[in-house]
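Since the structure comes first, as structure tokens, the remarks are kept for the end.
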Amino acid sequence: MKKLNLEKIYAKSRDITESVTRLKSFKNTSLEEFLRDRDKQDIASFRIVVATEAAIDICLHIASKLINKVPEYYAGCFDLLAENEIIDRDLANRLVKMARFRNLLVHQYWEINYARMYDIVTGPDLDDFKEFIQQITQLIEDNLSQS
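Take the sequence shown: its position 58, counted from the start at 1, is 59 in the numbering used here, and no numbers get skipped.
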């Protein structure tokens, strides 16, 4: 699998893992506390952006190297991987939603729904990042075994 930059993929995977670990630390925080604490909101915002951008970077790298195509918009990259059976369609749909939430954080931060953010950091959404890493790792292992 000489086309893919495995170091880049693994570094971005570590960024995702670190951010998800930090985000999961909010699991024992109540909604009321989260909504009152701007520092918690800022940390969560930053870590969601870091994890999502790292997943997008991995996605764009794989799309450009294995599919020879770049999506029209960042969130569309996950659709492109699903269309080419690199990741599951359901996972792609969930990651597209996360990428759209990231866009809101970056470009329309004054409209952020912090209750929705709380749901992300305390609910199952963060597991999508782990599943993404697992599916990309499987892709790498499958391709290395074919080499």
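Built from N, CA and C at the ideal position, the CB exists for glycine as well.
Listed in chain order, the alpha helix (DSSP H) elements of length 4 or more contained wholly in the segment 27-102 are 32-37, 39-63 and 77-84.
Inter-segment contact for the segment 28-40 and the segment 55-65 is absent: fewer than three beta-carbon pairs are separated by less than 8 Å.
Between Leu67 and Lys9, the C-beta gap is not smaller than 8 Å, which leaves the two residues out of contact. With a contact defined as Cβ atoms closer than 8 Å, Ile88 and Phe133 qualify at about 7 Å. Contact annotation: Ala76 and Ile17 have beta-carbon atoms that are not nearer than 8 Å.
Membership of Asn6 in any alpha helix (DSSP H) is not indicated, and neither H nor E is assigned to it by DSSP. Counting only residues of its own chain and dropping the five nearest sequence neighbours on each side, Ala93 has a CB closer than 6 Å to the CB of Phe79, Asp80 and Ala83.
Taken through DSSP and simplified to helix, strand or coil, Gln109 comes out as coil. A Cβ-Cβ distance of about 6 Å is found for the pair Phe27 and Thr123, placing them in contact under the 8 Å criterion. When DSSP states are grouped into helix, strand and coil, Asn104 belongs to the helix group. Secondary structure at Asn114: coil, using DSSP grouped into helix, strand and coil. Counting along the chain, the unbroken alpha helix (DSSP H) around Leu140 starts and ends at Asp128 to Gln147. Non-local C-beta neighbours of Lys41 in its own chain, meaning closer than 6 Å and more than five positions away in sequence, comprise Phe35, ordered along the chain.
Distances from the alpha-carbon of Arg95 to those of Leu106, Asp129, Asn104 and Ile113 put Asp129 closest. Within 10 angstroms of the beta-carbon of Thr53 lie 16 or more other beta-carbons, which makes it buried.
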